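Undergrad:
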Amino acid sequence: MRFLPTAKSNTWFRWMAVYGLLFWTVLLIYRFAVLAEPFDLMIALRFGLLALVVSVLINLLGWLGGRLVWCLSTAGLITGLVLMFSYTYRDMSGWEDLAGFLTFVMFTLGGFALGLIAEGIYYLVKRRRNG
């Protein structure tokens with residue numbers, strides 16, 4: 005995890021902006037290119053809000069020193085996005101988009117929860133070693 009900035013570094017705020025923009029772009033591509041839905045500004049803005057909230061939450065925890073939370077949350081987010089895209093091409097009688105989005109949400113929240121658990125265990129082990 006040497007590629008991550010140190011805790012309380014202002015670099016985290018740049019990462020937050022890039023992370024949010026990339027995430028928003030992927031969501032827009034999924035909705036308007038892969039699903040071939042007509043462009044709707046309100047849905048695009050809602051996806052932007054979702055990307056902003058997720059990016060701020062994950063990168064703020066990274067800024068506070070939660071590197072494991074950042075790594076595992078990002079891994080869950082990427083896994084969820086890949087699975088969401090893969091569900092699009094399955095024949096589920098029209099439920100592909102909902103099943104894909106729910107899978108994405110589950111993996112993103114699962115990665116976040118796993119990151120919090122890992123960070124907690126790391127803190128307890130570190131605290132025990134220091135006496």
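If you want this note's numbering, it's the position in the sequence shown, counting the first as 1, plus 4.
For every residue, glycine included, the Cβ atom is placed at its ideal position computed from N, Cα and C.
As the structure is a computational prediction, the values presented were derived from the model and not from experiment.
Helix, strand or coil for N134? Go by DSSP, reduced to three states.
TA: If you number the sequence shown from 1, residue 134 lands on position 130. Note: N134 maps to helix in three-state DSSP.
Undergrad: Looking at the unbroken alpha helix (DSSP H) that takes in M20, where does it start and where does it end?
TA: Position 16 of the sequence shown, counted from the first residue, corresponds to residue 20. Residues T15 to I33.
Undergrad: For the candidate residues F36, A40, L61 and R50, whose alpha-carbon lies nearest to that of W19?
TA: Counted from its first residue, the sequence shown places residue 19 at position 15. It is L61.
Undergrad: Please report how far the alpha carbon of V30 lies from the alpha carbon of R133, in whole angstroms.
TA: Start at 1 with the first residue of the sequence shown, and residue 30 comes out as number 26. Start at 1 with the first residue of the sequence shown, and residue 133 comes out as number 129. If you take the alpha carbons of V30 and R133, they lie about 42 Å apart.
Undergrad: Does DSSP put E41 in a helix, a strand or coil?
TA: Along the sequence shown, read from residue 1 onward, the residue named residue 41 stands at position 37. Three-state DSSP puts E41 in coil, outside helix and strand.
Undergrad: Does the pairing of the stretch 90-97 with the stretch 48-55 give three or more beta-carbon distances under 8 Å?
TA: Verdict: no, contact absent.
Undergrad: Using 8 Å as the threshold, is the C-beta distance between F116 and S77 below it?
TA: Here residue 116 refers to the residue found at position 112 when the sequence shown is read from its first residue. Here residue 77 refers to the residue found at position 73 when the sequence shown is read from its first residue. Against a cut-off of 8 Å, the Cβ pair of S77 and F116 comes out as a contact.
Undergrad: Go ahead and pull the three-state DSSP assignment for Y91.
TA: On the sequence shown, residue 91 is found 87 positions in, with the first residue counted as 1. Y91 falls in the helix class under three-state DSSP.
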